[in-house]
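**Q**
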Amino acid sequence: MTLDWIQPAERVRRLPPYVFARLDELKARARERGLDLIDLGMGNPDGPTPQPVVDAAAAALQDARNHGYPPFEGTASFRQAITAWYHRRYGVQLDPDGEALPLLGSKEGLTHLAMAYINPGDTVLVPTPAYPAHFRGPAIAGGHIIDLPLSAEGDWLIDLAKIPDTVAEQAKMLFFNYPSNPTAATAPREFFEDIVAFARRYEILLVHDLCYAELAFDGYQPTSLLEIPGAKDIGVEFHTLSKTYNMAGWRVGFVVGNRHIIQGLRTLKTNLDYGIFAALQKAAEAALQLPDVYLNEVQARYRTRRDFLIQEFATLGWAVPKTLATMYLWVPCPPGIGSTDFALSVLEQTGVVLTPGNAFGKGGEGYVRVSLIAECDRLGEAMARLRQANIRYGTTPVGLSQ
20 MTLDWIQPAE
30 RVRRLPPYVF
40 ARLDELKARA
50 RERGLDLIDL
60 GMGNPDGPTP
70 QPVVDAAAAA
80 LQDARNHGYP
90 PFEGTASFRQ
100 AITAWYHRRY
110 GVQLDPDGEA
120 LPLLGSKEGL
130 THLAMAYINP
140 GDTVLVPTPA
150 YPAHFRGPAI
160 AGGHIIDLPL
170 SAEGDWLIDL
180 AKIPDTVAEQ
190 AKMLFFNYPS
200 NPTAATAPRE
210 FFEDIVAFAR
220 RYEILLVHDL
230 CYAELAFDGY
240 QPTSLLEIPG
250 AKDIGVEFHT
260 LSKTYNMAGW
270 RVGFVVGNRH
280 IIQGLRTLKT
290 NLDYGIFAAL
300 QKAAEAALQL
310 PDVYLNEVQA
320 RYRTRRDFLI
330 QEFATLGWAV
340 PKTLATMYLW
350 VPCPPGIGST
360 DFALSVLEQT
370 GVVLTPGNAF
380 GKGGEGYVRV
390 SLIAECDRLG
400 EAMARLRQAN
410 IRYGTTPVGL
420 SQ
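Going by the working numbering, the sequence shown opens with residue 20, and the numbers climb by one from there.
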């Protein structure tokens, strides 16, 4: 008896291939050969979670009151910590009872929001390239995704003027993300004002991913969507503790904004999970209450790595723009080489792991994303390996043809 009749649902089968799976295969093979991998692929922050956060979690574990099911909407004290943090960082006033919802990481919330609001066939506007959850969530929900192509010439900003009226009139939801993963692009406040006006005009639900706002450099202060008058009427904003507070494995995020939109997501989640372990919510409160000097140290760490790596790439022929935020560099592939082939060739020849840009949608083709998740000595070793393998911007890696 064969099991060919056991097939996943169409919503799973129509998902685009996941480039990270191929990378994982090659990383495993490289390790089997004894190769010392320098993994700059995933956005997985290096270093420990801040000690006050760990201490808060340890104390909360000893409190039996945290051992049962948490409230579906999260603990009141964590929601209050979220809204207090937003007010301190952005001057945005939020009601903790309805305008903030803890999540099992922002990826979970982004995907489930799509499932909560997108019916099969609904039109969804998504930039390309984009964080995969921005287009995979709508795809799982059966949405009709309209790509909004981004380009270096346009500073990787959405060009609202290029969206036809007929498309905008049909659109139900628009995902966007500044500071951006993967491009590290930033958007001026005027852009946020324009996109709010656009969404209000066409009655489009705005979904902004603000996961990298605290990783900003050189005096730049990112804009929160909710700072813009009228934004809370039609939008929500996602955040995570993964990057800023080195808590990627803790799986803690949150969404804030329009209470009716959040309620729809909460309703779906009550049927899927029981929320974040209450002890972890106590730890997350401690993170959000850390003094700003901690953020300054984190920003300085990534800024130093950014400057070092941009200078190193320059010695190999790359002119990588200086980014103002995020933990990434968005680096063009050598001419004539696709992003997957380039990333796999670099991995096989040097043991350095980069993320091919097409993992972030077809608009990412021709680029690789480099994560600043190692100290400068390790980054220097990675670049020395590229130099030794003669991998430069104007050359074709061995084994590939132009």
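For every residue, glycine included, the Cβ atom is placed at its ideal position computed from N, Cα and C.
With a 10 Å radius around its C-beta and 16 neighbouring C-beta atoms as the bar for buried, classify residue 361 as buried or exposed.
**A** Flag for residue 361 reads buried.
**Q** Helix, strand or coil for residue 188 per DSSP?
**A** helix
**Q** Along the chain, where does the alpha helix (DSSP H) containing residue 221 start, and where does it finish?
**A** Unbroken alpha helix (DSSP H) run through residue 221: 208 to 221.
**Q** Which whole-angstrom value is the C-beta distance of residue 233 and residue 263, which I expect to be below 8 Å?
**A** 4 Å
**Q** Using CA coordinates, which residue listed in 321, 294, 400, 329 is at the minimum distance from residue 92?
**A** 294
**Q** Helix, strand or coil, according to DSSP, for residue 109 in the structure here?
**A** helix
**Q** Once the 5 residues before and after residue 254 are set aside, which same chain residues still bring their CB inside 8 Å of it?
**A** 215, 218, 224, 225, 226, 227, 244, 245, 276, 277, 280
**Q** Is it the case that the stretch 324 to 336 contacts the stretch 364 to 372, given that we only count it when at least three CB pairs across the two stretches are under 8 Å?
**A** In short, these stretches do not touch, since the Cβ pair count stays below three.
**Q** When you compare the CB positions of residue 284 and residue 135, do they come within less than 8 Å of one another, or not?
**A** yes
**Q** Which runs of the alpha helix (DSSP H), 4 residues or longer, sit entirely within the stretch 302 to 335?
**A** 311 to 334
**Q** Would you report the Cα separation of residue 282 and residue 273, rounded to the nearest angstrom?
**A** 13 Å
**Q** Let me check one thing: in DSSP terms, what residues is residue 390 bridge-paired to?
**A** 347
**Q** Applying the 10 Å Cβ sphere with the 16-neighbour rule, what's the burial state of residue 25?
**A** exposed
**Q** Under DSSP, the alpha helix (DSSP H) around residue 121 begins and ends at which residues?
**A** No alpha helix (DSSP H) holds residue 121; the beta strand (DSSP E) holding it covers 119 to 122.
**Q** The beta strand (DSSP E) with residue 296 in it runs from where to where?
**A** Neither: residue 296 is in no beta strand (DSSP E) and is coded neither H nor E.
**Q** Examine the Cβ distances between the stretch 144 to 158 and the stretch 300 to 308 and report whether three or more of them are shorter than 8 Å.
**A** no
**Q** Can you tell me where the beta strand (DSSP E) holding residue 254 begins and where it ends?
**A** 254 to 259
**Q** Report the three-state DSSP secondary structure of residue 236 (helix, strand or coil).
**A** coil
**Q** Starting from residue 272 and walking both ways along the beta strand (DSSP E), at which residues does that stretch end?
**A** 272 to 276
**Q** Give every residue of the same chain whose Cβ lies closer than 7 Å to the Cβ of residue 342, excluding the five residues on either side of it in the sequence, and list them in chain order.
**A** Once the five neighbours on either side are set aside, the close Cβ partners of residue 342 are 203, 325, 348.
**Q** From the DSSP secondary-structure annotation, give me the bridge partner or partners of residue 35.
**A** BP columns for residue 35 are empty, so no partner.
**Q** Cα-Cα, which of 289, 52, 20, 208 is closest to residue 370?
**A** If we check each option's Cα against that of residue 370, 52 comes out closest.
**Q** So, residue 157 versus residue 182, is the Cβ gap smaller than 8 Å?
**A** Contact check for residue 157 against residue 182 fails: the beta carbons are separated by 8 Å or more.
**Q** What are the start and end residues of the beta strand (DSSP E) that includes residue 146?
**A** 142 to 147
**Q** Relative to the C-alpha of residue 71, which residue among 381, 44, 313, 392 is closest?
**A** 313
**Q** Grouping DSSP H, G and I as helix and E and B as strand, with all else coil, what is residue 227?
**A** Looking at residue 227 - three-state DSSP - the assignment turns out to be strand.
**Q** According to DSSP, simplified to helix, strand and coil, what is residue 421?
**A** With a pLDDT of 40 at residue 421, under the threshold of 50, the modelled position of that residue is not reliable, and the figure given next carries that caveat. Coil at residue 421, not helix or strand.
**Q** Can you check DSSP and say which residues form a bridge with residue 193?
**A** 144, 225
**Q** Looking at the structure shown, is residue 279 part of a helix, part of a strand, or coil, going by DSSP?
**A** helix
**Q** Look up residue 72 in the DSSP assignment and say whether it is helix, strand or coil.
**A** helix
**Q** Among 31, 409, 261, 75, which residue has its Cα nearest to the Cα of residue 301?
**A** 75
**Q** Can you give me the C-alpha to C-alpha distance between residue 78 and residue 120, rounded to a whole angstrom?
**A** Using only the alpha carbons, I get a separation of about 24 Å.
**Q** In the DSSP assignment, find the alpha helix (DSSP H) that holds residue 131 and state where it starts and stops.
**A** 125 to 136
**Q** Considering only C-alpha positions, which residue in the set 299, 393, 110 is nearest to residue 88?
**A** Answer by Cα proximity: 299.
**Q** How big is the Cα-Cα spacing for residue 309 and residue 165?
**A** Spanning the alpha carbons of residue 309 and residue 165 requires a straight line of approximately 40 Å.
**Q** When you compare the CB positions of residue 201 and residue 235, do they come within less than 8 Å of one another, or not?
**A** No, these two residues do not count as a Cβ contact at 8 Å.
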